[in-house]
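Enquirer: Starting off with a structure, shown below.
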Ligand SMILES: *Cc1c(COP(=O)(O)O)cnc(C)c1O
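Residue numbers (my numbering): 1 to 390.
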């Protein structure tokens with residue numbers, strides 16, 4: 001997720017232009033102060049929507065708020081269950097809990113995303129939405145998940161905060177379900193510092209989301225903003241013009257970022273596969289992944305931890321696994337297990353199959369600016385560690 005690697009003169013120029021154009025930092029109005037008449041957030045959301053092939057894009061303050069807005073506009077709240085997966089960033093579950101609903105976590109399969117078989121088994125009369133997450137650049141098994149959702153008449157919110165640029169069956173992730181959530185925080189594929197985007201083809205969802213993120217404003221063209229009409233209560237999680245401008249500069253670099261990731265990944269993967277002792281994360285056949293992390297498994301957790309330690313000694317970090325598993329695996333979330341309607345022991349027992357896979361995974365970050373020498377160093381270091389440990 002290397003947008004931060006690409007922060008440069010283009011982003012600086014885009015921000016400076018705002019000040020040259022009158023310095024309007026707010027998404028709406030102030031037309032008289034906008035020399036050039038530009039609305040950066042609107043430009044950014046239209047460009048992202050076009051890039052991913054969604055009818056509507058709505059920029060928001062964060063990916064987490066995007067997930068929460070998605071739940072809100074679907075009318076999800078107390079008494080409802082929302083199904084997501086045991087391996088995700090904690091924000092997915094925070095959004096469900098904050099909406100007042102009960103999170104239900106399904107184990108991940110070898111794709112390290114939602115297991116569709118367990119998904120179907122966990123649907124109850126209280127289930128109101130399915131929230132698959134495309135973790136670390138790879139799609140969940142969307143054919144199976146969408147078929148189940150259709151059969152059960154449940155909306156699908158894709159948490160695609162991590163995988164802008166990846167596709168499934170030729171379509172951008174985040175545009176396969178009813179609503180897609182994207183993040184532009186500082187660790188993501190492209191970054192606006194903080195930011196998110198809700199993508200949908202559904203006009204009513206788009207309108208409701210627009211109203212909810214802006215205190216209920218309908219932006220009724222018949223009235224000035226101060227006399228605007230409203231039909232729902234809202235909130236404020238708007239994106240501002242500074243982020244919109246930076247986002248446009250970053251978006252122009254997305255194709256390059258993805259191409260570099262894929263190039264570096266291919267070289268590293270070929271080398272690591274020839275070691276023969278590692279097993280690799282499965283990628284669904286329909287998925288062209290973002291390739292920003294290369295994940296392999298070793299036989300036991302102790303070996304994964306030792307692997308990461310030795311990589312670190314050679315100046316090579318890991319990405320989420322194992323270094324940040326605490327924030328990405330539901331079994332560790334003692335502080336919110338009560339919201340799952342389970343005891344700590346029950347929650348842990350229910351996610352053991354995910355633990356089995358995740359605890360012995362090593363995730364190698366793929367960066368845009370890797371040189372051939374750097375990739376060589378990573379490959380030969382991993383080869384050496386594998387030969388010492390396995
Ligand atoms: C980053 C992330 C989020 C939250 O995005 P923010 O913009 O940081 O709020 C949600 N889900 C996943 C899977 C993420 O990786």
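Virtual Cβ for every residue (Gly too), placed ideally from N, Cα, C.
Tell me which same chain residues have a C-beta within less than 7 Å of the C-beta of residue 186, skipping the five on either side of it?
Expert: Excluding residues within five positions, the ones whose Cβ falls inside 7 Å are 4, 193.
Enquirer: Between residue 369 and the rest of its own chain, which residues show a CB-CB distance below 7 Å, the 5 nearest in sequence each way excluded?
Expert: Hits under 7 Å: 5.
Enquirer: Can we count residue 259 as close to ligand 1, meaning its CB is less than 7 Å from some heavy atom?
Expert: The answer is no for residue 259.
Enquirer: Report buried or exposed for residue 188, applying the criterion of at least 16 other Cβ atoms within 10 angstroms of its Cβ.
Expert: So residue 188 ends up on the buried side.
Enquirer: Could you say if the region 357–372 and the region 302–315 meet the contact criterion of at least three C-beta pairs nearer than 8 Å?
Expert: Flag = yes, the region 357–372 and the region 302–315 touch.
Enquirer: Ligand 1 and residue 191: does the residue's C-beta get closer than 7 Å to at least one heavy atom of that ligand?
Expert: Not so, every heavy atom of ligand 1 lies at least 7 Å from the Cβ.
Enquirer: Taking 7 Å as the cut-off, does the CB of residue 64 come closer than this to any heavy atom belonging to ligand 1?
Expert: Checking the Cβ of residue 64 against ligand 1 gives yes.
Enquirer: Are the CB atoms of residue 254 and residue 165 nearer to each other than 8 Å?
Expert: Yes.
Enquirer: Among 327, 328, 348, which residue has its Cα nearest to the Cα of residue 337?
Expert: It is 348.
Enquirer: Please list, in chain order, all residues of the same chain as residue 391 whose beta carbon is under 7 Å from its beta carbon, the five residues on each side excluded.
Expert: Nothing about residue 391 can be reported from this structure: the residues present for the chain run from 1 to 390 only.
Enquirer: Between 183, 283, 100, which lies nearest to residue 159 when the distance is taken from Cα to Cα?
Expert: Here the closest residue by C-alpha is 183.
Enquirer: Would DSSP call residue 311 helix, strand or coil?
Expert: Three-state result, residue 311: helix.
Enquirer: Do you know offhand how far residue 64's Cα is from residue 99's?
Expert: For residue 64 and residue 99, the distance between alpha carbons rounds to 12 Å.
Enquirer: Roughly how many whole angstroms lie between the Cα atoms of residue 323 and residue 308?
Expert: Those two C-alpha atoms are separated by around 8 Å.
Enquirer: Kindly indicate which residue of 54, 82, 30, 149 has the alpha-carbon position closest to the one of residue 67.
Expert: Here the closest residue by C-alpha is 82.
Enquirer: Determine which residues share a DSSP beta bridge with residue 238 and list them.
Expert: Answer is 60, bridged to residue 238.
Enquirer: Please name the residue, chosen from 190, 318, 346, 137, that lies closest to residue 62 on a Cα-to-Cα basis.
Expert: Answer by Cα proximity: 190.
Enquirer: Please determine if the region 37–49 and the region 240–259 are in contact, where contact requires at least 3 C-beta pairs separated by less than 8 Å.
Expert: Judged by Cβ distances under 8 Å, the region 37–49 makes contact with the region 240–259, as three or more pairs qualify.
Enquirer: Between residue 238 and residue 214, which are expected to be in contact by the criterion C-beta below 8 Å, what is the C-beta distance as a whole number of angstroms?
Expert: Yes, they are in contact, since the Cβ atoms of residue 238 and residue 214 sit about 6 Å apart, within 8 Å.
Enquirer: Going by DSSP, which residues form a beta bridge with residue 257?
Expert: Per DSSP, none; premise fails for residue 257.
Enquirer: Flag residue 394 as yes when its Cβ comes closer than 7 Å to any non-hydrogen atom of ligand 1, and as no otherwise.
Expert: Only positions 1 to 390 of the chain appear in this structure, which leaves residue 394 out of reach.
Enquirer: Among the residues of its own chain, which have a CB less than 7 Å from the CB of residue 116, if the five just before and after it don't count?
Expert: Hits under 7 Å: 141, 144, 145, 148.
Enquirer: Distance check for residue 235 and residue 36, CA to CA, integer angstroms please.
Expert: Those two C-alpha atoms are separated by around 30 Å.
Enquirer: At 3 residues or longer, what runs of the beta strand (DSSP E) sit wholly inside the region 335–389?
Expert: Runs of the beta strand (DSSP E) inside the region 335–389: 361–365.
Enquirer: Please tell me whether, using a cut-off of 7 Å, the distance from the CB of residue 185 to the nearest non-hydrogen atom of ligand 1 is below it.
Expert: Indeed, a heavy atom of ligand 1 lies less than 7 Å from the Cβ.
Enquirer: Taking the beta strand (DSSP E) that residue 159 belongs to, which residues open and close that run?
Expert: 157–159 is the extent of the beta strand (DSSP E) around residue 159.
Enquirer: In whole angstroms, what separates the C-alpha of residue 354 from that of residue 15?
Expert: Using only the alpha carbons, I get a separation of about 43 Å.
Enquirer: Spatial neighbours of residue 258 within its chain, please: C-beta separation below 7 Å, excluding the five flanking residues on both sides.
Expert: Here the set comprises 165, 290.
Enquirer: Mind checking whether residue 122 and residue 79 have CB atoms under 8 Å apart?
Expert: Not in contact: residue 122 and residue 79 (Cβ atoms no closer than 8 Å).
Enquirer: Using only CA atoms, which one of 387, 325, 357 lies nearest to residue 88?
Expert: Nearest option by C-alpha distance: 325.
Enquirer: Are at least three pairs of beta-carbons, each pair with one atom in the region 92–108 and one in the region 217–225, less than 8 Å apart?
Expert: No: the two stretches stay apart, fewer than three of their Cβ pairs being nearer than 8 Å.
Enquirer: Tell me the DSSP secondary structure of residue 84 in three-state form.
Expert: Three-state DSSP puts residue 84 in a strand.
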